[in-house]
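First the structure, in the form of structure tokens, and then the observations on it.
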Amino acid sequence: METPGSQSSLHRANLERVVRAVRLAGSLTQAEIARTTGLSAATVSNIVRELKEGGTVEVTPTSAGGRRARSVSLSGDAGIVIGVDFGHTHLRVAVGNLAHQVLAEESEPLDVDASSDQGFDRAEQLVSRLIAATGVDRAKIAGVGLGVPGPIDVESGTLGSTAILPGWGGTRPAEELRGRLGVPVHVDNDANLGALGELVWGSGRGVRDLAYIKVASGVGAGLVINGKIYRGPGGTAGEIGHITLDEAGPVCRCGNRGCLETFAAARYVLPLLQPGHGPDLTMEGVVRLARDGDPGCRRVIADVGRHIGSGVANLCNLLNPSRVVLGGDLAEAGELVLGPIRESVGRYAIPSAARRLSVLPGALGGRAEVLGALALALSEMGDSTLLDGSATGALPAAAPAFT
Numbered sequence: 000m001e002t003p004g005s006q007s008s009l010h011r012a013n014l015e016r017v018v019r020a021v022r023l024a025g026s027l028t029q030a031e032i033a034r035t036t037g038l039s040a041a042t043v044s045n046i047v048r049e050l051k052e053g054g055t056v057e058v059t060p061t062s063a064g065g066r067r068a069r070s071v072s073l074s075g076d077a078g079i080v081i082g083v084d085f086g087h088t089h090l091r092v093a094v095g096n097l098a099h100q101v102l103a104e105e106s107e108p109l110d111v112d113a114s115s116d117q118g119f120d121r122a123e124q125l126v127s128r129l130i131a132a133t134g135v136d137r138a139k140i141a142g143v144g145l146g147v148p149g150p151i152d153v154e155s156g157t158l159g160s161t162a163i164l165p166g167w168g169g170t171r172p173a174e175e176l177r178g179r180l181g182v183p184v185h186v187d188n189d190a191n192l193g194a195l196g197e198l199v200w201g202s203g204r205g206v207r208d209l210a211y212i213k214v215a216s217g218v219g220a221g222l223v224i225n226g227k228i229y230r231g232p233g234g235t236a237g238e239i240g241h242i243t244l245d246e247a248g249p250v251c252r253c254g255n256r257g258c259l260e261t262f263a264a265a266r267y268v269l270p271l272l273q274p275g276h277g278p279d280l281t282m283e284g285v286v287r288l289a290r291d292g293d294p295g296c297r298r299v300i301a302d303v304g305r306h307i308g309s310g311v312a313n314l315c316n317l318l319n320p321s322r323v324v325l326g327g328d329l330a331e332a333g334e335l336v337l338g339p340i341r342e343s344v345g346r347y348a349i350p351s352a353a354r355r356l357s358v359l360p361g362a363l364g365g366r367a368e369v370l371g372a373l374a375l376a377l378s379e380m381g382d383s384t385l386l387d388g389s390a391t392g393a394l395p396a397a398a399p400a401f402t
């Protein structure tokens, strides 16, 4: 047994610090590991050599700042994580390894009127199909990240009644999926996972404070403060869609009037254009038509951008983020929507906050949430299993990076 404060316990702690840093980043040079962990270069070099000999990490030649370096990543056969993303109209699942490689990914339509039991059954089937397709041993699953379109109560794990999916309010998504898969499941709302995905692999890389705004059937924000997702004590932080813009405006699904969501979400925006473009119009179609020059679609997207910008200005005044990343189909409109967002921010935000803010489209598109779910599973798993060598077997060697 290791004695606290002993040389062996200190060595074990340093091993875990290095493994944790590499696990969360995907890959780091030894110099980056030293900066991240605070360990000396010599200590990092010795630990990396030990981990490599034990098969926990892989070391490959690379370059940093024009100089030769060694990139360290977890071994591709150290284990796998699974990401599951439930949306208003889709179910997306991805299987990735601990070296931040996607081994398999698939999306399929989801009937929004389906019961939660049917949805979780579909998720279980899709997970099983992807695992079978990769030939991975199910015993190597280290954890599952699960995204749902609604607030999750931090203490109970219950999905809030304002969730987009009808009939799902009051369910416990992590518990439901854990019972089907028999592995640890960690759940968060889709906006938080979109923020996490963009923070790790997308437009949020390199910043410590950002807001990810997702505009789809609803409007939500994932908030990153000092490099970590901020959920609030009840798990409802980031409900930017329910900022009141007009207290005499349309009734929102939350019960209030004139919420930002009633001026920006697809369910409210599409009816404005359907008389002239048909009942099958989607937000993806609106964006495409706007990019092709359709004046009505361009006007509606600009209006939506200005409304979103008002909400973003409130965030700037309260939290002063350095970056806002726009996700969902609307992000594909580029400057047609980003320009009006910046215009509103410049008008309504404190000047010092507005000057420091950059507004960018998401880099991951519709994959942001499922990649964020993989990142959630990676961040929640412990390092003891890796160091104790309980993950065995082999995974396919060649796979695309998460991005």
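Using numbering that gives the first Met the number 0, read the sequence shown as starting at 0 and increasing by one per residue.
Cβ atoms here follow ideal geometry from the backbone N, Cα and C, with glycine treated the same way.
Quick one: residues in its chain with C-beta nearer than 7 Å to the C-beta of residue i, no 5 flanking neighbours on either side, listed in chain order?
i    : result
E368 : D84, G146, D189, L192, G193, G196
H10  : none
G310 : I239, I242, L259
F119 : E175, L176, R179
G234 : P150, I151, D152, V153
Put residue i into one of helix, strand or coil per three-state DSSP.
i    : result
G25  : coil
T88  : coil
I349 : coil
R121 : helix
E154 : coil
P339 : helix
E238 : coil
D189 : helix
A77  : coil
G304 : helix
A68  : strand
T243 : strand
N403 : An answer regarding residue 403 cannot be provided, because it is not within the stretch 0 to 402 covered by the chain.
I32  : helix
Looking at C-alpha atoms only, which residue of the options is the closest neighbour of residue i?
i    : options                : result
T88  : G53, S106, L314        : S106
E57  : G248, I151, S72        : S72
I130 : G118, N96, S155, L386  : N96
R355 : I300, A372, L318, G333 : L318
E104 : P60, R177, L370, L50   : L370
L373 : R322, A24, E15         : A24
D293 : P350, G144, L335       : L335
L125 : R91, Y267, A98, G234   : R91
R69  : T28, S8, L109          : T28
L386 : P350, R290, G78        : G78
According to the neighbour-count rule (16 or more other Cβ atoms, all chains shown, within 10 Å of its Cβ), is residue i buried or exposed?
i    : result
K213 : buried
I307 : buried
P408 : The question about residue 408 has no answer, for the chain in this structure spans 0 to 402.
S39  : exposed
E175 : buried
G277 : exposed
D112 : exposed
G205 : exposed
Mind checking whether the beta-carbon of residue i lies closer than 7 Å to any heavy atom of the ligand NAP?
i    : result
L317 : With respect to the ligand NAP, the structure offers nothing, as it holds no ligand at all.
Apart from the five residues just before and just after residue i, which ones in its own chain have a Cβ nearer than 6 Å to its Cβ?
i    : result
P249 : T261
A33  : A40, V43
R16  : T36
M380 : A141, G142
Return the chain-ordered list of same chain residues with a C-beta closer than 8 Å to the C-beta of residue i, the five sequence neighbours on each side being excluded.
i    : result
Y312 : Note on identity: in this sequence residue 312 is Ala, with Tyr being the wrong assignment. Only S343, V344, R346, Y347, A348, A353 meet the Cβ criterion.
Margin query: Does the structure place the segment 214-226 close enough to the segment 174-185 that three or more beta carbon pairs sit under 8 Å?
Written below: no
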